[in-house]
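Worksheet: the structure to be examined is printed underneath.
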Amino acid sequence: MSQRDIDRYEEMAKYASMLREDGYALIAGVDEAGRGPLAGPVVAAACILPEGETFYGLNDSKKLTERRREALYIEIRRRAVAWAVAMVSNHEIDRINILEATKEAMRQALRSLPVEPDIAVTDAVALKGLDYPVMVETRGDARINAVAAASVLAKVTRDRMMKNWDAVYPIYGFSSHKGYGTREHMNAIRSHGPSPIHRMSFLGKILKDFPKECFDRGVHIEHSVAGDLIARGHTILEHRYAVQQIGEIDFITSRKNTIYVIECKGRGPSSSSFGGVDGILSVSQIERIRSVTMQWLEEHDQTDAQVEMLFAAVNSGRSGEIINIRYLPFS
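Quick note: the sequence shown uses our numbering, first residue 1, plus one each step.
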């Protein structure tokens with residue numbers, strides 16, 4: 001940690017000191033990540049930092065290295081008085097526009113805090129509809145520590161999510177650009193059309209000469225399950241992992257020291273409802289899944305890992321909308 005980092009933190013702490021002198025003890029910083037990308041959600045975070053503790057190295061998250069952001073992310077979550085993260089999907093962004101989606105994500109983050117703040121401070125976004133005052137500060141993430149902390153939480157959360165999506169849609173390179181409009185990303189969209197997580201309202205110029213029938217979105221079962229798993233905190237390790245002459249697994253994920261093996265199937269309104277897994281997967285199918293799973297575990301030196309096998313039962317409506325996803329264990 002450099003002296004410059006320490007000096008910057010102390011300078012940024014003056015704003016909170018001023019608010020505390022005015023009687024505001026619990027100060028929530030709020031910031032977002034992902035207003036500009038062509039794909040993925042906009043993510044907002046709210047954070048209340050404890051008085052008297054230091055988080056040296058805080059700054060606008062975009063100015064920090066990935067390694068510094070990840071280290072601060074862990075420290076903030078461990079030592080903050082309270083923190084929360086919320087997101088608004090690309091579909092909602094298309095419906096209400098990015099500014100309104102950003103405001104909604106920020107409000108959701110603030111309302112999700114386990115402790116209600118006395119005041120909130122945002123980075124250049126005015127918010128209404130809260131039971132306490134909200135101050136708007138331009139470049140707040142570079143001037144106020146609580147806002148900078150929220151900036152780190154939002155960016156790390158979103159970056160991790162886009163890396164997860166890269167496993168589902170590798171042709172777009174989400175892991176490298178996180179959905180932003182790089183030349184490579186735009187060329188991939190022109191070549192392959194958009195994915196279900198692209199923001200169609202952002203792609204007008206890119207897709208003006210692209211045949212419309214190539215990117216009309218239907219709900220795809222595996223993509224719906226992928227989105228649900230990511231929202232539940234899973235890291236997608238494999239999508240359609242196959243072993244020649246044995247079989248294929250839809251998803252292999254990790255969450256809280258457990259490896260999950262997930263098979264997916266959808267049913268529309270005209271189909272009978274899902275029963276137990278016994279009525280869906282045959283004994284031979286389960287044996288093939290076990291064999292493929294063991295191959296993956298051996299390849300990745302994970303034979304001692306805790307493993308759970310789940311069947312993702314997806315029910316959809318007449319228009320293809322997802323009604324619910326249930327995860328049924330099997331072994």
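All residues carry an ideal CB built from backbone N, CA and C; glycine is no exception. Predicted, not measured: the structure shown is a model, and the values here were computed from it.
DSSP three-state assignment for residue i, whether helix, strand or coil
i, result
"THR253", "strand"
"ALA146", "helix"
"LYS265", "strand"
"ASN123", "Note on identity: in this sequence residue 123 is Asp, with Asn being the wrong assignment. Residue state, collapsed to three classes: strand."
"ARG111", "helix"
"PHE330", "strand"
"ALA25", "coil"
"GLY247", "strand"
"HIS300", "coil"
"ILE322", "strand"
"LEU130", "coil"
"LYS155", "helix"
"TYR180", "coil"
"TYR169", "coil"
"ILE74", "helix"
Rounded C-alpha distance that separates residue i from residue j
i, j, result
"PHE311", "GLY247", "16 Å"
"CYS214", "ILE171", "With a pLDDT of 48 at CYS214, under the threshold of 50, the modelled position of that residue is not reliable, and no figure is offered here."
"MET18", "GLY29", "14 Å"
"GLY57", "ILE323", "44 Å"
"GLU308", "THR258", "7 Å"
"PRO196", "TRP83", "30 Å"
"MET294", "THR303", "7 Å"
"GLY173", "HIS185", "7 Å"
"ASN90", "ARG8", "35 Å"
"PRO50", "LEU113", "14 Å"
"LEU38", "GLY181", "6 Å"
"GLY204", "LEU110", "33 Å"
"GLU100", "HIS177", "24 Å"
"GLY129", "LYS103", "11 Å"
"VAL42", "LYS163", "15 Å"
"ILE48", "GLY140", "14 Å"
"HIS234", "GLU222", "15 Å"
"VAL88", "VAL121", "20 Å"
"GLN285", "ALA71", "43 Å"
Proximity test, residue i beta-carbon vs the ligand HEM heavy atom, cut-off 7 Å
i, result
"ARG232", "Within the structure as shown, the ligand HEM is missing, as the structure has no ligands at all."
Cβ pair residue i, residue j closer than 8 Å
i, j, result
"GLU263", "ILE236", "no"
"ALA126", "HIS239", "no"
"MET12", "ARG143", "yes"
"SER61", "ARG69", "yes"
"ALA305", "ARG326", "no"
"MET106", "ALA149", "no"
"ARG199", "ILE96", "no"
"VAL147", "TYR73", "no"
"ALA154", "ALA80", "no"
"ALA16", "ILE27", "yes"
"ILE230", "LEU207", "no"
Which residues DSSP lists as bridging residue i, in chain order
i, result
"LEU281", "Per DSSP, none; premise fails for LEU281."
"MET87", "VAL43"
"ASN164", "In the DSSP output, where bridge partners are listed per residue, ASN164 has none listed."
"HIS185", "Per DSSP, none; premise fails for HIS185."
"ALA82", "ILE48"
"THR258", "ARG255 and GLN306"
"ASP31", "ALA45"
"HIS198", "ALA39"
Endpoints, alpha helix (DSSP H) assigned at residue i
i, result
"GLN306", "First-last for GLN306: 306 to 316, but that is the beta strand (DSSP E), not the alpha helix (DSSP H)."
"ILE221", "221 to 231"
"MET12", "3 to 21"
"SER175", "174 to 177"
Span of the beta strand (DSSP E), counted from its first residue to its last, around residue i
i, result
"GLU238", "235 to 243"
"MET135", "134 to 137"
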